[in-house]
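Numbering (the working numbering), first residue to last: 74 to 217. Here is the structure we will look at, set down as structure tokens.
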């Protein structure tokens, strides 16, 4: 099961946050948004497929694959029964177990500050497109 999100860079992308990673539909980014990797996303949490949401509510493992201009980085995180998928704008992946209406997954292997710096540099360009693949892993994916 997979969801694909397209989003774009912004000159204020810093991606230095130590515990969260965010993709947003917002058209702008202030320098304070240090967890945001890309903006103008074509989906928010509310837009995700119901089966996909149900799998994450069941605690499934999630692979987040970030593709930018030939570079790839991956984050592994987990769903949780407390997820609400309410946000129309934001998708947040957290290293912690904190959950609010913008949380996609928790217990992540990486936050914004851990993302490959080559990807972060590319996403300082507002024209740079990023493809975010959200992949529900079944138990046979033990190589990760």
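Every residue, glycine too, gets a C-beta built ideally from N, C-alpha and C.
Where residue i sits in the DSSP three-state scheme
i, result
"residue 76", "strand"
"residue 185", "helix"
"residue 86", "coil"
"residue 17", "Missing from the structure shown is residue 17; the chain here goes from 74 to 217 and no further."
"residue 121", "coil"
"residue 114", "coil"
"residue 129", "helix"
For residue j and residue i, the rounded distance between their alpha carbons
i, j, result
"residue 184", "residue 108", "8 Å"
"residue 186", "residue 158", "24 Å"
"residue 171", "residue 199", "30 Å"
"residue 151", "residue 169", "11 Å"
"residue 203", "residue 144", "10 Å"
"residue 76", "residue 114", "13 Å"
Integer Cβ distance of residue i from residue j, believed to fall under 8 Å
i, j, result
"residue 141", "residue 192", "5 Å"
Under 8 Å between C-beta atoms of residue i and residue j
i, j, result
"residue 156", "residue 164", "no"
"residue 205", "residue 139", "yes"
"residue 117", "residue 98", "yes"
"residue 119", "residue 74", "no"
"residue 134", "residue 210", "yes"
"residue 166", "residue 88", "no"
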